[in-house]
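Structure first, commentary second.
There are 2 protein chains.
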Amino acid sequence: MEGTTLGWMQDEVDHFGFNTDKTFKQRYLIADKHWKKDGGSILFYTGNEGDITWFCNNTGFMWDMAEELKAMLVFAEHRYYGESLPFGANSFKDSTHLNFLTSEQALADFAKLIKHLKRTVPGAKNQPVIALGGSYGGMLAAWFRMKYPHMLVGALASSAPIWQFEDLVPCGVFMEIVTADFRKSGPNCSESIRRSWDAIRRLTSTGPGLHWLSEALRLCSPLTNSQDVEHLKDWITETWVNLAMVDYPYESNFLQPLPAWPIKVVCQYLKNPNVSDPQLLENIFQALNVYYNYSGQVKCLNMSETATRSLGSLGWSYQACTEMVMPFCTNGIDDMFEPHSWNLKEFSDDCFKQWGVRPRPSWITTMYGGKNISSHTNIIFSNGDLDPWSGGGVTENVTDTLVAITIPEGAHHLDLRANNAFDPTSVLLARSLEVRYMKQWIKNFYASLRKKH
Amino acid sequence: MEGTTLGWMQDEVDHFGFNTDKTFKQRYLIADKHWKKDGGSILFYTGNEGDITWFCNNTGFMWDMAEELKAMLVFAEHRYYGESLPFGANSFKDSTHLNFLTSEQALADFAKLIKHLKRTVPGAKNQPVIALGGSYGGMLAAWFRMKYPHMLVGALASSAPIWQFEDLVPCGVFMEIVTADFRKSGPNCSESIRRSWDAIRRLTSTGPGLHWLSEALRLCSPLTNSQDVEHLKDWITETWVNLAMVDYPYESNFLQPLPAWPIKVVCQYLKNPNVSDPQLLENIFQALNVYYNYSGQVKCLNMSETATRSLGSLGWSYQACTEMVMPFCTNGIDDMFEPHSWNLKEFSDDCFKQWGVRPRPSWITTMYGGKNISSHTNIIFSNGDLDPWSGGGVTENVTDTLVAITIPEGAHHLDLRANNAFDPTSVLLARSLEVRYMKQWIKNFYASLRKKH
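Order-wise, the sequence lines are chains Y and F. Sequential numbering from 1 applies to the first sequence in our numbering. Sequential numbering from 454 applies to the second sequence in our numbering.
In structure tokens:
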């Protein structure tokens, strides 16, 4: 975004141990065009699993309200993502180097950055700070307020699935929401997808079938064996999931460049489930092509990428294998996918194979409280009903000051995106309510500051 | 204490990193004689820097109120103390082995232990837990409620100097309170001590003087050089500090076996500051002898020990060199000691020499909020006015639910000790107020539990 200043803070690699004094450079961006030292505020984006410039460019809401809140905008990059690499090119080398990639270390980085800014930016010292974030960044915003309430007056946690852990919500709810999105977006749409899995199985049972399907789907690397077929199905599944996340009401480019309401566009190709297997897969190709080739420039579909490279998929894979253990499952009945139960043992073995670590599935609820969060205050949990992550989110008020805002026409953290002429009323209402809460927190902060003096 | 059951829980050595899966055995004690599954509670002692059996035996208040609160008593040992050694005999070997000795790791141990007990002890699951602790254990109790409010309904933090960090309180306040205790306990008492330092300097300026003083003080190892003299002064200083901490109204044995109001007894020997240097030091010997030889069995005074061996002085020295950086200073005017300013650089260098680590003096306030703790709830901070640690404690209400209780005649966490016929009224009042708060927390817990069902 225009008008941002790049900053680097020297930070401890390990906040929770003293054996190493090693530090690294954490990146952050600041925009202070509308900031007022008198009565202003600091909006602090708790960076998640990606390049911070990308989040900065996709969090227009902060820019849109900066003037009204007289706010300095700070975008803090999460360690191990973007250019905030504790061990440079070696950061992902092995579990020793990855040992400091945890949410607790990231929150401590944020806390130290706020202290650093308050100490070094003239006028920032006595200003209220609000944390904002979306998705994992939304979890971090909420957890930041829970764990460091002395640093913040409140937090906006957008599309933050803080309950997508252990058995806090049913493991199937995520894929059920994905399915509902497709069901609602066109006649027979989810049914066509549901039938595609068997069609793929039948088509790929022979060598010529494998070849035919590789051609039909314009795959960059042809399918050669049953392992490739499993990979194909995972890739297609992830595509539908991603479409559900970014089913925005206008043309956008978050995970991929896409048309407005992309699932509706996809579903135009999937109106008829009662066709031959090859025809069904031709239709699936057209649907995938909407997601992977909206520009029309793509020559073949690449199964090794499903989203923007700005996301740090490597780092997230490690986090999912350690703290961020989110159980997912499908049954093929309430959802349009092949049945898969959640298998922790298998998951753990895969993690050990890939990273040399084993997940601790109960740790996050031990640390952050699971459903018992009512003693905290001043957190807004916003969720879009179209967003599969809303299934693990807080969608009902917990208390008067732990409030839920739902956006019926919203996908993944739509409220954090810039104002748009095609925004549905529900997201405009959500944003205005969010601003109202934030202004109240800021007002209360200054009132209690005056009382002290 | 009678009726305790010993327990061991297998726990992660590193809660905050996944590179190691190593576990260790954490010790805890349980007493459930008065526990009721119906309407009961769990009182959870957050163990501090010592053997848990010793704290268990010196926290009679928990035993005294068990019946009234229908409480299960749990005493959790702090890692690296007593028998809860992550690397057995090697735990203190070097900074690599000590890397997991932090307050954050200890709190995570406590959180996991509570989860473990709720899962494994039939009837414990839906019971309210209250954390209690004294001194560093009191800090842990308060921090536990701050960081894991979902685990606790409240905390009693007795004599917890959570503000003895950075510049939250003046560095001189601790020694001023020690001095005040001696000043109030006998005429000229603090003045005699104040003059003793110069007398020691003069006496030890010659070889025969060193010899004479070693004899006069019945030291087990004679003084041979100026370094020994510095050590002597530190040892005497620590003795006065310890006496201020355990200036209890009755005969007791916490740090050492002592008579009732030991400082009064000490001060009987220190009535006249206007005597010759040798006479003054003879008097100092009598005073020291009260602390080190109340039993009358001790043949010589040992400068290498100032308190019970149940305290893990090695572990605490490491903690003071890492997180628990408490600035102390004296000026010789407002206190009875030789002037010493707080020198972080020197302190840090000493730490590096001893442990190979450097302190991070601002970390504790970053982590636990310093003076900005008003968003937390349900913590009682109790302090005795005689206790030097009260200088860094919370001695005024922060909010309606972060309350301070002061005990004018109280030394270090007197309120946690067993009921005694010689208890001053002020501590009886404090304890009854504490019980009232706890009963209210328990009542509110059960009320909200009923509301849920």
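Cβ coordinates follow ideal geometry from the N, Cα and C atoms, glycine included.
Contacts of residue i in chain Y (Cβ-Cβ under 7 angstroms)
i              : result
K565 (chain F) : T366
E557 (chain F) : F16
G923 (chain F) : There is no way to answer for residue 923 (chain F), as the model of chain F reaches only from 454 to 906.
DSSP-derived helix/strand/coil call for residue i
i              : result
S241 (chain Y) : First, the amino acid is wrong: residue 241 (chain Y) is Val here, not Ser. Helix at V241 (chain Y).
M628 (chain F) : helix
L101 (chain Y) : coil
N383 (chain Y) : strand
S158 (chain Y) : strand
T96 (chain Y)  : coil
M599 (chain F) : helix
T425 (chain Y) : helix
P640 (chain F) : coil
P257 (chain Y) : strand
Y81 (chain Y)  : strand
F75 (chain Y)  : strand
L585 (chain F) : strand
Y269 (chain Y) : coil
Q750 (chain F) : coil
Q580 (chain F) : coil
N274 (chain Y) : coil
H116 (chain Y) : helix
Nearest candidate by alpha-carbon position, reference residue i, set the options
i              : options                           : result
H531 (chain F) : F:D464, F:K637, F:G493 and F:P712 : F:D464
L833 (chain F) : F:W816, F:T818, F:G809 and F:Q893 : Note that residue 833 (chain F) is Ile in the sequence shown here, rather than Leu. I833 (chain F) has its Cα closest to that of F:Q893, out of F:W816, F:T818, F:G809 and F:Q893.
P602 (chain F) : Y:L402, Y:G369, Y:F328 and Y:P259 : Y:G369
S135 (chain Y) : Y:L402, Y:A411 and Y:W35          : Y:A411
G50 (chain Y)  : Y:W363, Y:K345 and Y:G312         : Y:G312
D334 (chain Y) : Y:G172, Y:L433, Y:R417 and Y:Q127 : Y:G172
W316 (chain Y) : Y:T366, Y:Y250, Y:G82 and Y:W35   : Y:G82
R648 (chain F) : F:F563, F:N727 and F:A608         : F:N727
F18 (chain Y)  : F:C804, F:F898 and F:S827         : F:C804
M146 (chain Y) : Y:H376, Y:I407 and Y:H116         : Y:H376
A180 (chain Y) : Y:L301, Y:D387 and Y:R436         : Y:D387
D454 (chain Y) : Y:T204, Y:V246, Y:L243 and Y:T239 : Only positions 1 to 453 of chain Y appear in this structure, which leaves residue 454 (chain Y) out of reach.
P424 (chain Y) : Y:V403, Y:Y446 and Y:A260         : Y:A260
T859 (chain F) : F:S674, F:D517 and F:E887         : F:E887
V527 (chain F) : F:N678, F:L459, F:T473 and F:G591 : F:L459
Y250 (chain Y) : Y:F285, Y:T330 and Y:A418         : Y:A418
P539 (chain F) : F:R480, F:V622 and F:K637         : F:R480
T46 (chain Y)  : Y:K112, Y:F254 and Y:K93          : Y:K112
C321 (chain Y) : Y:T120, Y:V290 and Y:L344         : Y:L344
Q732 (chain F) : F:V751, F:M698 and F:I653         : F:I653
Whole-number beta carbon distance between residue j and residue i, since they are thought to touch under 8 angstroms
i              : j              : result
W143 (chain Y) : V394 (chain Y) : So it is not a contact: roughly 12 angstroms between Cβ atoms.
S611 (chain F) : D868 (chain F) : 6 angstroms
S460 (chain Y) : Y80 (chain Y)  : Absent from the model: residue 460 (chain Y). The displayed extent of chain Y is 1 to 453, so no value can be given.
G639 (chain F) : C720 (chain F) : 3 angstroms
K489 (chain F) : K523 (chain F) : 4 angstroms
Cross-chain neighbours of residue i in chain F, by beta carbon under 8 angstroms
i              : result
K115 (chain Y) : S815 and T819
R309 (chain Y) : The premise fails here: R309 (chain Y) is roughly 26 angstroms from chain F at the closest Cβ pair, so nothing lies under 8 angstroms.
S95 (chain Y)  : F471 and N472
heavy atom of the ligand SAM below 7 angstroms from residue i C-beta
i              : result
E536 (chain F) : The model depicted lacks the ligand SAM and carries no ligand whatsoever.
Beta-carbon neighbours of residue i, restricted to chain F and to distances below 7 angstroms
i              : result
K443 (chain Y) : Near K443 (chain Y) there are no residues of chain F at all, since even the closest Cβ is about 16 angstroms away, more than 7 angstroms.
R358 (chain Y) : D474
Cross-chain neighbours of residue i in chain Y, by beta carbon under 8 angstroms
i              : result
I826 (chain F) : H150
K600 (chain F) : K147
N552 (chain F) : G17, F18 and N19
T775 (chain F) : F18
Contacts of residue i in chain F (Cβ-Cβ under 9 angstroms)
i              : result
T377 (chain Y) : S828
Cutoff 8 angstroms: residue i Cβ touching any chain C Cβ
i              : result
M820 (chain F) : In the structure shown, chain C cannot be found, because the protein chains are Y and F.
Exercise. Starting from the N-terminal side, write out each stretch of the alpha helix (DSSP H) that is 4 residues or longer and does not extend beyond the stretch 202 to 253 of chain Y.
Key: Segments of the alpha helix (DSSP H) lying fully in the stretch 202 to 253 of chain Y: 207 to 216 and 226 to 245.
Worksheet item: Could you give the uninterrupted runs of the beta strand (DSSP E) lying entirely in the stretch 458 to 520 of chain F, keeping only those of 3 residues or more?
Response: Taking only runs of at least 3 residues, the beta strand (DSSP E) segments lying wholly in the stretch 458 to 520 of chain F are 458 to 465, 476 to 484 and 494 to 499.
Mind listing, in chain order, the continuous alpha helix (DSSP H) runs of no fewer than 4 residues lying wholly within the stretch 816 to 862 of chain F?
DSSP runs (the alpha helix (DSSP H)) wholly in the stretch 816 to 862 of chain F: 816 to 821.
- Task: Just list the alpha helix (DSSP H) runs in the stretch 302 to 357 of chain Y, keeping only unbroken ones of 4 residues or longer that don't cross its boundaries, in chain order.
- Result: List check, alpha helix (DSSP H) in window: 313 to 320 and 344 to 355.
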